[in-house]
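Numbering (our numbering), first residue to last: 2 to 148.
Given below as structure tokens:
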């Protein structure tokens, strides 16, 4: 059996030192500066109703002027740039998980979308896009007549 001398204060300082190193390493591994080619993910929900398709995209921290929505040949494209916050250069980050920089995401639209009537709105970090369906594609009730 091996005997180990217990040094509570020394062990406590080692734990703090190890924790600081772990956070620093985490910041290095997850930092956008050290991960070239990292893309910002745009989380989106797509919902279909009888009259339209609705796309909701999370874009927290964005300004409306930095977002561009286009529809070309049945492809909906979202482009923009999330600018890095400028702050105190004296402070050090333990972790930087938020993504900054240019982004682009495209959705292929069904052929029944009226591309000339697409509308978009931005509120509370959510981009909402309404894609109305052409009238022929909307369901309608058909009366059944006696034969």
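Positions of the beta carbon are idealized from the N, C-alpha and C atoms, including for glycine.
Note that the structure is predicted; figures quoted are calculated from it, not measured.
- Following the DSSP letters along the chain, one finds residue 123 inside the beta strand (DSSP E) bounded by residues 120-124.
- Residue 42 has its alpha-carbon roughly 15 Å from the corresponding atom of residue 84.
- Fewer than three Cβ pairs drawn from the region 94-105 and the region 118-126 lie within less than 8 Å of each other, which leaves the two stretches out of contact.
- Here the alpha carbon of residue 46 sits roughly 45 Å from the alpha carbon of residue 148.
- Rounded to the nearest whole angstrom, the C-alpha separation of residue 56 and residue 65 is 16 Å.
- Bounds of the beta strand (DSSP E) holding residue 102 are 102-109.
- Spatial neighbours of residue 128 in its own chain (CB-CB distance under 6 Å, excluding positions within 5 residues in sequence) are listed in chain order as 58, 60.
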